[in-house]
Amino acid sequence: MPQVIDLRLDVMGVCCPLPLIQAAQSIRTLKRGQTLQIIGNDPIFETSIRDFCRANGHDVLEVTPGDNHGVSMLIRVGG
Amino acid sequence: MIMSNDTLAKSKKKGVILLVSGELDKALLALEIAAGFQAMGMEMSMWFVLYGANCLRKPRSPFSLTKWFGKLRGGPGRRPETDVALQRVVRGLNHDGARYLPLSQLNYAGVGPMIFRHILRRKGMAQVEDLVAGARDLGVRFTICQICVDAMAFSVPDDLIVEAEIKGVSAYYLEVETADYNVTF
Numbered sequence: 036m037p038q039v040i041d042l043r044l045d046v047m048g049v050c051c052p053l054p055l056i057q058a059a060q061s062i063r064t065l066k067r068g069q070t071l072q073i074i075g076n077d078p079i080f081e082t083s084i085r086d087f088c089r090a091n092g093h094d095v096l097e098v099t100p101g102d103n104h105g106v107s108m109l110i111r112v113g114g
Numbered sequence: 005m006i007m008s009n010d011t012l013a014k015s016k017k018k019g020v021i022l023l024v025s026g027e028l029d030k031a032l033l034a035l036e037i038a039a040g041f042q043a044m045g046m047e048m049s050m051w052f053v054l055y056g057a058n059c060l061r062k063p064r065s066p067f068s069l070t071k072w073f074g075k076l077r078g079g080p081g082r083r084p085e086t087d088v089a090l091q092r093v094v095r096g097l098n099h100d101g102a103r104y105l106p107l108s109q110l111n112y113a114g115v116g117p118m119i120f121r122h123i124l125r126r127k128g129m130a131q132v133e134d135l136v137a138g139a140r141d142l143g144v145r146f147t148i149c150q151i152c153v154d155a156m157a158f159s160v161p162d163d164l165i166v167e168a169e170i171k172g173v174s175a176y177y178l179e180v181e182t183a184d185y186n187v188t189f
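Top line first, the protein sequences correspond to chains A and B. Position 60, counted from 1, in the first sequence is what my numbering calls 95; the numbers after and before it change by one each time, with no gaps. Position 52, counted from 1, in the second sequence is what my numbering calls 56; the numbers after and before it change by one each time, with no gaps.
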């Protein structure tokens, strides 16, 4: 069953730590249990967001590689 | 001790960064760490002393006439009655604003920072101004040292691009005493 996406965030073309800053800002607008999809192509994008989720208690639901070295990550807000 | 995700998220740690240097590379690094750590869930506080406060100032060209000849203005933390004329020279020579910060190496009279900033833009990296705004939006607290405000003739809040408190070493002590992370740039 496909996941419902509550908010999409595009951070293509920006580097560390901007994806983290924008992810933290977006997650503030969401409630616990809602989902956020983040798409980025920073070389360390996936590890940054995984670390971010680990530190803040969010869950990474899905990681899909996309075009232009991009990675799409689906996160469920926890914490 | 192994912490589960939940405990890691609940214990809010505190960090303090002291920025002394007014150079673009160090300011960039300090702000990157502050904004990044705040995004990761740490409660960050940034202290700016001496030239470090330049990256919070409104940008002003080195050829601006008001920068050289304008009146020294008062404000919180200032003691205008003790001002001396040489403070105008200091103000004139000072690099006001993140846009005019020099590099610690390869500066070449201002050409270095232009190249550096061009590379940052091309790579999609954050500029100092963007990081100040990002850090402020995330809730990083900015504090400027009172004696530096007085000595460098800052007019708070008119000269600043963000809201900042003015405090002294006692307040710094209280923050550092309970901080889990503290670095100086």
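Glycine included, each C-beta is placed from N, C-alpha and C at the ideal position. Because the structure is a prediction, the values reported are computed rather than measured.
TODO: Can you tell me which of B:Ala57, B:Ser49 and B:Leu28 puts its alpha carbon nearest to the alpha carbon of Lys18 (chain B)?
DONE: Locating residue 18 (chain B) in the second sequence gives position 14, counting from the first residue. Measuring from the Cα of Lys18 (chain B), the nearest candidate turns out to be B:Ser49.
TODO: Take Ser107 (chain A) as the anchor and find which of A:Ile74, A:Leu42, A:Gly68 and A:Gly48 has the nearest alpha-carbon.
DONE: Residue 107 (chain A) sits at position 72 when you count from the first residue of the first sequence. Closest option to Ser107 (chain A), Cα to Cα, is A:Ile74.
- [ ] Return the chain-ordered list of same chain residues with a C-beta closer than 7 Å to the C-beta of Val166 (chain B), the five sequence neighbours on each side being excluded.
- [x] Position 162 of the second sequence, counted from the start, is the residue given in the question as residue 166 (chain B). So the list reads Leu60, Val136, Arg140 and Phe146, once near-sequence residues are dropped.
TODO: Just the C-alpha distance for Asp29 (chain B) and Val39 (chain A), rounded to the nearest angstrom, thanks.
DONE: Here residue 29 (chain B) corresponds to residue number 25 of the second sequence, with the count starting at 1. Here residue 39 (chain A) corresponds to residue number 4 of the first sequence, with the count starting at 1. Their backbone Cα atoms lie some 42 Å apart in a straight line.
TODO: Specify the secondary structure class of Arg125 (chain B) as computed by DSSP and reduced to three states.
DONE: Sequence index remark: in the second sequence, residue 125 (chain B) carries index 121 (1-based). It is helical.
Open item on the list: I want to see whether chain A comes within less than 8 Å of Ala130 (chain B), judged by CB atoms only; does it?
Closed with: Stepping through the second sequence from its first residue, residue 130 (chain B) is reached at position 126. So yes, Ala130 (chain B) belongs to the interface.
Open item on the list: Check whether the segment 74 to 93 of chain B and the segment 108 to 115 of chain B are in contact - that is, three or more C-beta pairs closer than 8 Å.
Closed with: no
Open item on the list: Counting only Cβ pairs nearer than 9 Å, list the residues of chain B close to Gln60 (chain A).
Closed with: Position 25 of the first sequence holds residue 60 (chain A). Correct list: Ala43, Gly138, Asp141 and Leu142.
Task: Beta carbon proximity, Gly40 (chain B) to chain A, threshold 8 Å - done: As a working mapping, residue 40 (chain B) is identified with position 36 in the second sequence. So yes, Gly40 (chain B) belongs to the interface.
Task: Residues bridged to Leu71 (chain A) (per DSSP) - done: As a position in the first sequence, residue 71 (chain A) is number 36, starting the count at 1. For Leu71 (chain A), which the question treats as bridged, DSSP gives the partners A:Leu42 and A:Ile110.
TODO: In the DSSP assignment, find the alpha helix (DSSP H) that holds Glu169 (chain B) and state where it starts and stops.
DONE: The count along the second sequence starts at 1 and reaches residue 169 (chain B) at position 165. Segment Glu169 to Lys171 is the beta strand (DSSP E) holding Glu169 (chain B); no alpha helix (DSSP H) there.
Open item on the list: Would you say Lys30 (chain B) lies against chain A (beta-carbon separation less than 8 Å)?
Closed with: As a working mapping, residue 30 (chain B) is identified with position 26 in the second sequence. Closer than 8 Å: no.
TODO: For Val49 (chain A), go through chain B and note every residue whose CB falls closer than 7 Å to its CB, in chain order.
DONE: As a first step, residue 49 (chain A) must be located in the first sequence, where it is residue number 14. By Cβ distance, chain B contributes Gly128.
Open item on the list: Is there a Cβ of chain A sitting closer than 8 Å to that of Glu36 (chain B), yes or no?
Closed with: Your numbering for residue 36 (chain B) matches position 32 in the second sequence. Answer yes: the Cβ-Cβ gap between Glu36 (chain B) and chain A drops below 8 Å somewhere.
- [ ] Buried or exposed for Ser65 (chain B), please, with buried defined as at least 16 other CB atoms from any protein chain shown within 10 angstroms of its CB.
- [x] Translated into positions along the second sequence, residue 65 (chain B) becomes position 61. Ser65 (chain B) should be labelled exposed.
Task: With 16 other Cβ atoms within 10 Å as the buried cut-off, status of Asp86 (chain A) - done: Translated into positions along the first sequence, residue 86 (chain A) becomes position 51. Exposed.
TODO: Please say whether Thr188 (chain B) and Leu22 (chain B) have beta carbons closer to each other than 8 Å?
DONE: Start at 1 with the first residue of the second sequence, and residue 22 (chain B) comes out as number 18. Start at 1 with the first residue of the second sequence, and residue 188 (chain B) comes out as number 184. Yes.
Open item on the list: Can you list, in chain order, the residues of its chain with a C-beta nearer than 8 Å to that of Val46 (chain A)? Leave out the 5 residues immediately preceding and following it.
Closed with: Residue mapping note: residue 46 (chain A) aligns to position 11 of the first sequence, counting from 1. Only Leu53, Pro54, Gln57, Ala58, Ile73, Ile74, Gly75, Asp77 and Phe80 meet the Cβ criterion.
TODO: With DSSP collapsed to three states, give me the class of Asn58 (chain B).
DONE: Position 54 of the second sequence, counting from 1, holds the residue named residue 58 (chain B). Looking at Asn58 (chain B) - three-state DSSP - the assignment turns out to be helix.
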